[in-house]
Each structure stands twice: as C-alpha cells, then as structure tokens.
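Let me begin by presenting the structure, written as structure tokens, before commenting on it.
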Amino acid sequence: TDASGVVKAVMDEIFDYFTNMTLPAQVRVALACCLNMCGAVHASDIAILGVHRKPPMIDHDAISGLCEIPLAISACPLGAVSPLKTTNSAGVEVKSVKVKMNVVCS
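In terms of the numbering used here, the sequence shown is residues 1 to 106.
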C-alpha cells in the first residue's frame, strides 16, 4: 500500500538530506497517526503527530485488495478498528472494517 499524504509530504522535503548524507549526525524521523504514538515519535529527533478530525471513510469495495483485514484491526491498540461484514456496491457480502467514533485516544 501507499504511505499517507503527511508521510509523503515530509519525505519529499527531507529526502535529499538522507540520500546526500549532509546531516551532521544520524537523525530519526517518526510519524504517528494518533495520540497512541505507535511510531515511537516520543523517542525520535523529529516527531510528527497527525490526528484525524473525523474517522476515515472506508471504501468497502476496495479494502480487501488494499490491506489484510486482521492487520488493519490489530494496528489500533485501543480497538477503534473492528471487523465488519457488509455488502459492497455489487451486492456481494464482503469482509471489511469499521471505525468506532467514540474511542478516546490517550
């Protein structure tokens, strides 16, 4: 799958520093997409914390081809992502995920 827009934007800006080895020392850059900080941003030199204002929209037609459902569910330590059986636009029952809106990340 592809990286998020925030990751791509940051890497586009700092890519030359890492390929040309122009920094004076090793630098650790990390990005977390919620306040749980799964990316260990608190232990990095440069930390970026991106927080969704609204739960992401899920395309039930495409999700099974983009990621493995069990990995998507296990990625959130608070259980905000859970399994869902739904019908896609063709009327076929598919396995997908749902995002709980009332989970507080802390």
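The C-beta atom is built at its ideal place from N, Cα and C for all residues, glycine as well. Bear in mind the structure is a predicted one, so any value in this text is a computation, not a measurement.
With a minimum length of 4 residues, the unbroken runs of alpha helix (DSSP H) contained wholly in the segment 56 to 88 fall at 63 to 66 and 69 to 74. The secondary-structure analysis by DSSP pairs I46 across a beta bridge with V29. Taking the CA atoms as reference points, D61 sits about 13 Å from L84. The three-state secondary structure of V92, taken from DSSP, is coil. S64 places its beta carbon less than 9 Å from that of K95. According to DSSP, K98 shares a beta bridge with S82.
In the displayed model, T22 falls within coil according to three-state DSSP, outside both helix and strand.
With contacts defined as CB atoms closer than 9 Å, L31 and L49 qualify as a contacting pair. Rounded to whole angstroms, the Cβ separation of V99 and A72 is 10 Å, and the two are not in contact under 8 Å.
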